Amino acid sequence: MLSWIDALLTVYGFCIMLRIMLSWLPELKKYPIATWLESITNPYLIFFKNRIPPIGGMLDISPMLALFLLQGIQAFIRHFFL
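The sequence shown begins at 19 in the working numbering and counts up by one.
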């Protein structure tokens with residue numbers, strides 16, 4: 019069961035990375051894959067976005083911190099349970 023959780027966390031982390039890359043290319047937001055990525059990553063990312071203000075009013079580092087936390091949780095699971 020934990021191997022499935024590890025796989026899901028890997029896929030979700032990949033989705034967050036794609037979402038970060040798509041934010042650099044706003045003209046791609048009109049495509050269905052971008053809308054889908056936004057819909058599945060928003061619940062997790064909004065938690066961080068509401069708590070971490072942008073640096074200098076422009077640079078939003080909350081998605082990177084969210085990704086680091088997700089990877090930390092995944093490393094914890096791998097180390098102690100797999």
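Beta carbons: idealized from backbone N, C-alpha and C, even for Gly. Remember, predicted model here, so these are calculated numbers, not experimental data.
Legend entry - Straight-line gap, T59 to M82 (C-alpha atoms, nearest Å): Taking the straight line joining both Cα atoms gives about 13 angstroms.
Inset, instruction - Would you give the residue range spanned by the alpha helix (DSSP H) that I103 belongs to? - result: The question about residue 103 has no answer here: the residues shown for the chain are numbered 19 through 100.
Inset, instruction - Under the assumption that L100 contacts L20 (Cβ atoms under 8 angstroms), give the Cβ distance between them as a whole number of angstroms. - result: L100 to L20, Cβ: 6 angstroms. Contact.
Legend entry - Three-state secondary structure (DSSP) of L43: Coil at L43, not helix or strand.
Legend entry - L63 and S80 closer than 8 angstroms at C-beta: Yes, the pair counts as a contact, with Cβ atoms nearer than the cut-off.
Legend entry - Pair within 8 angstroms by beta-carbon distance, I23 and L85: L85 sits away from I23, with the two beta carbons spaced by 8 angstroms or more.
Inset, instruction - Determine the direct distance from the alpha carbon of Y49 to that of G90, and round the result to whole angstroms. - result: Each residue's alpha carbon lies about 31 angstroms from the other.
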